[in-house]
Structures are given as C-alpha cells and as structure tokens.
Amino acid sequence: MVNVAQDHDRRAKSNEPMISIRDLRVAYSGREILHGITFDVMKGETLVILGGSGSGKSTLLRTLVGLEKPTSGEVWMAGKNFAQISDAERDEIRKRIGMSFQGGALFGSMSVGENVSLPLREHTQLEDSTIEIMVRLKLDQVGLSGFEQFMPSQLSGGMKKRAAVARALAMDPEILFFDEPSAGLDPIIAAGIDQLILELKKAFHMTIIVVTHELASAFLIADRMVLINKGDVVAMGTVKEMQNSTHPKVRQFLDRIPEPAVAQELDYLQMLTEAQPRPSDARGKR
Amino acid sequence: MAIVRQIGAGVIDGLSYLGALAILGGRAGYFTFIGPFQGKRLRIGRAMAQAMEVGVRALPILSLITFFIGLILALQSAYELKRFGALNFVANAVAISMTRELGPLITAIIVIGRSGSAFAAEIGTMKVTEEIDALETMAINPVQFLVTPKFLAMILMLPCLTIWANSMGMIGGSVFGVLQADFTFVRYIRASLDALFLRDVVTGLIKSVMFGMTITAVGCLEGLRTDGGAEQVGRSTTRAVVISIFMVILVDLVFTMLFFFLGGK
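Line order of the protein sequences matches chains H and D. Residue 0 is where the first sequence starts when you use numbering that gives the first Met the number 0, and the numbers rise one by one after that. Residue 0 is where the second sequence starts when you use numbering that gives the first Met the number 0, and the numbers rise one by one after that.
In structure tokens form, the structure reads like this:
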C-alpha cells in the first residue's frame, strides 16, 4: 500500500479523518463481497474508489451510506460507528450526507423543484418562500437554473444527474457520495459532470467520495484513490502515486490489460463465481 | 421424505410471508394512528390524493359491476324462491347477500385490480430505479412516506366504496323486482332495508376495513420486495394481485367465522 502522508498538495486540507473504515466485511446472501476493508477518508478531500464490475465498490458505497448492513467491522462517521447505531441516530447522520445515485433516482412523480425541496420540507421548518429560494440556488449551482417545473422524464441523462446532485446538495451536506457519476453518459456530458464535481470541491471544500471505473474522470477529480479488487483494497494513494505504482493489479487496471483468456470451463466458472456482479451492478449495466 | 420437506418449506415460507405482511401493516398502522401523536408527520395531502385515486375514480366501474351483481343475485335467488311462491323475498335475499358478503368482496376485488396492482407497480419501479434507496439516504422512512398515505386512504375508502356497492347492488336487484315480482321501486327498497339488521351492514364494513389493510400490505410488500430489473416489476404486480385475492378470501373466511360463532347468528 502506498503511503499517503507524503502528499504535499493535500497539506492544505485537514488531517482529521471524516470517515474511518475498519476491517469492514459485508456478505450478500451468504457470500462475502468485502473481505475486511480498512482506510480513512480525510476531511475535505475527494476520494475516488476505483474497481471493475463486481469488485465490491458499489457495495462499499452502499454500506457507507447505510443501505447495506456489514457483517462485521466499523464505519466511523461523525464520532459514531455507523455500522452499529440506532435508526434514529443513523437518520441524524444521513441528514449531513448527500448521495447522487447512478441513474439519478429522481422521484418520477415530482417535478425537479419538488425533488430538490423534498429533504428541506421533510427535515426543516423553513418557510415555503425560503425553500423556493434555496431550491433555485441549488439548481443554479448545478447549471439547471429555471428547470424547477420540469418533470424528471423531460430531462436528458446528464440533466437528471445534475438535478440529482442538486437534491443531494439540498441539506448542505458535509460529505457527498457519487455512484458512477459518468455511467451512461456520452464523453462530453460526462466531462461536464466531472467539471461540476471539481466546482463543488473548490466552492464548498466538501468531502467527496466517488465510485467509478472511468479512469480519465478519476484522474481528473481525485485527490486520492483506492483500488478495490474482489472485495479487498489493493492500493491506495494520490493520483501520482497510483500512476507510478508497480503493483501488478494497479498496472493491470490503469493500463487496461484484460484478464488472461480462460481455457478451461471450470476455470471460467471459478472466475465467474469469484467476481459475480451483484444484482444492482447488473441493473446499472442494463 | 422429499414431499414432507417440501410441505414444511412451503408452510415456513407462507408463515414468514404472513409475518412480513403483519410487520409492514403494523408499521403503517403505527405511522397512521400513533406516529402523529409523537410528532411524526401524517401526510394528509398525499393520503387525500391516494383516496381520490383509490376511491373516487373507482366509482364508475364499481357502480356498473355491483349493479349487475345485484341483478344477477336477484335472478339466481328468484329461480329457487319461485318454487316456494316466495318471490317477494327476492329483496331480502339480495340485500343480505350484498351487505354481508358480496358488497365488501366485490369492492375488494375491484380495488385489488385497480389499486393493489398500482401500489406494487409504483413502489416496485421506485425500488428498481433506486428511488427507495434515495429516500433512505435522505433519512426519509419509505414506509412513512409511501405506504402510510396509501394505508390511510384504503382504510377510509374501502368502507365508503362498500356502502356504495351495497346500494348499487340493491338498485340492480330492484330492476328484477319491479319488472318481474310486482314490486314498485320504493317498495323494493323499503323491503330491502327492512330485511337488514345493523349487524349485517357493520360486519360487512368491518371486513372491508380489514380487506383495505390486507390489500395495502400485500401491494406495498410486493413492491418493496422487487429486485432486479423492469421485468421484475411486472412479476411483482401479478403476484400482488394473486396474493391479495387469496389473502382477502382468507381474511373474509376468518372474519365470517368469527362473526358466526361470536354473534350467534
């Protein structure tokens, strides 16, 4: 594993961890997906979690926001072990995080404005007029000014993602999670989303965690990267450290070297069962 | 041995499904009746929108069907009553079978087709597109946000629809009464009302409230259990309809037995 502390660009940021993950294990219908993940996410940094399909990176993200329950291990967030807290405490922490889902996950029956205002209406006592102004601000930030009245079905893929980011920003979160921000977008629109993440990083100094397999996008937005393979952390470090890494798995991933062709049927089955994609992964690739 | 094992597994599956239904129904009931007194918001606006969809929009089709059912009941009972020269009891037969049994049941089945399936499809689609996950990460309880308004709408609207269905059934029966059994419309209706005890109507309405809870729980549970892609939503919807019909008949049987043995009549 690459040592992190030598990164000088990042000195400006805090050394205090925002999230601490300790020996995190997650099993999904009896099969272990994550085999003991340990790393810290520092305050104010943008961390990219890299990994191939079925590597467990999406499961890791879902565990971090509390959508999957770990079988063992700890996730420390805001001074609490997220893996073992009451529902009420978990909801309190969730009000301080924002998540942008792969397909946007906007509520189809509500307009863009209603989508963005939903967390504010649910969790704050603000006046309608205040909420309206905040919604306009959030939509301005993601470049969707004036789209309050549009329904999600009237938006393009890239616009949906932007609207989803606006909704994730609604409660001014301390941590922002992105699941595959560029999945299903053409390169130009995807670059626009990368740009948006960079702008958010610059403007709010939020802690941002991005799960992706897009290398170009990862190198552009990341302060640090974690490479996950078959449920284990393979390497972690700054962009430069990763690029210079000699670790065979890192090289394979960064240099896009395919897995060796499988000759034997049994080997193939073995490979499939080791790296079987979770249902939600398959969903994303539809 | 394999058969015993299969039966055992089937029974366990069935019981755990009933348990899941009870848990979901219980949580929806908590958020409807207890939550508001503990400062948890009850979404009256969303419940009203649901009530409009579940109740008011079902009226035309419900009226038509129960009108025909009433007419059919009159024809069928007249077939037997005529042999005893008791054709004037047609009104009693229609009124009692509508209020005690067919009114609540036919209403429930129409609501399953219109709304139970819609609940499963709506929530199932939201599950597949990660909207349920999004609610959870926004610290919004999906049961409180999605299921509770439906639950409230259903337990309010099913009794109302049932009363409407009972009346339409009697009006349907009156068509036969007037044309074939020497009744005038007013006399037919009066005979129907005279035949009814309050108990007949109330037991029917109690059953309809239970049907409402059952349909909501099954539809929403099937929606929440949807996993995978869009084709699974269709499967959930089908399952919701089939299981709801089965469960409604089961609940009907249990409550009819309960009323029979407790009420003495």
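C-beta atoms are modelled at their ideal positions from N, C-alpha and C, and glycine is treated no differently.
Among the CB atoms of chain D, one or more fall inside 9 angstroms of the CB of leucine 117 of chain H. Of the residues H/Ile32, H/Gly50, H/Ser28, the one whose Cα lies closest to the Cα of methionine 235 of chain H is H/Gly50.
Separation of the CB atoms of serine 19 of chain H and aspartate 39 of chain H is rounded to 5 angstroms, and the pair is thereby assigned contact status at 8 angstroms.
Distance check between alanine 87 of chain H and each of H/Ser99, H/Gly65, H/Ala169, H/Phe106 places H/Gly65 closest, using alpha-carbon atoms only. Contact annotation, leucine 86 of chain D with isoleucine 122 of chain D: C-beta distance approximately 50 angstroms; criterion of less than 8 angstroms not satisfied. Taking the Cβ atoms as the reference, leucine 204 of chain D lies roughly 5 angstroms from proline 158 of chain D, within the contact range of under 8 angstroms. For tyrosine 187 of chain D, the enclosing alpha helix (DSSP H) begins and ends at 184-194.
Close CB contacts of asparagine 80 of chain H within its chain, under the 6 angstroms cut and outside five residues either way in sequence, are with Glu73 (chain order). Residue contact check for glutamine 83 of chain H against chain D: no CB pair falls below 9 angstroms.
Ranked by Cα distance from alanine 82 of chain H, the options H/Leu59, H/Glu126, H/Ala215 are led by H/Leu59. Sixteen is the threshold: when 16 or more other Cβ atoms of the shown chains lie within 10 Å of the Cβ of threonine 206 of chain H, as they do, the residue is buried. Isoleucine 196 of chain H counts as buried, since no fewer than 16 other beta carbons sit within 10 angstroms of its beta carbon. Within the DSSP secondary-structure output, leucine 175 of chain H pairs in a beta bridge with H/Gly97, H/Ile207. Tyrosine 187 of chain D is classed as buried because its beta carbon has at least 16 other beta carbons within 10 Å across all chains shown.
In the DSSP secondary-structure assignment, glutamate 31 of chain H is bridged to H/Ala26.
Taken in chain order, the whole alpha helix (DSSP H) runs of length 4 or more contained in the segment 31-108 of chain D are 43-53, 58-80, 89-96. Alanine 46 of chain D is outside the set of residues whose beta carbon lies under 9 angstroms from a beta carbon in chain H.
Classified as buried, phenylalanine 66 of chain D has 16 or more neighbouring CB atoms from the shown chains inside 10 Å of its CB. Looking at the DSSP output, glycine 236 of chain H sits in a beta bridge with H/Met224.
Between the segment 127-138 of chain D and the segment 89-103 of chain H there are three or more C-beta pairs closer than 8 angstroms, enough to call the two in contact. Using a C-beta cut-off of 8 angstroms, the segment 237-252 of chain D makes contact with the segment 111-130 of chain D, since at least three inter-stretch Cβ pairs fall below that distance. With respect to the C-alpha of arginine 161 of chain H, the residue from H/Ile92, H/Ser216, H/Gly102 having the closest C-alpha is H/Gly102. Residue contact check for alanine 104 of chain H against chain D: a CB pair falls below 9 angstroms.
Nearest to glycine 24 of chain D by C-alpha distance, out of D/Leu151, D/Gly38, D/Ala164, is D/Leu151. The residue among H/Glu15, H/Val25, H/Leu33, H/Ala26 with its C-alpha nearest the C-alpha of valine 232 of chain H is H/Leu33. In the three-state reduction of the DSSP assignment, serine 116 of chain H falls in the helix class, which pools H, G and I.
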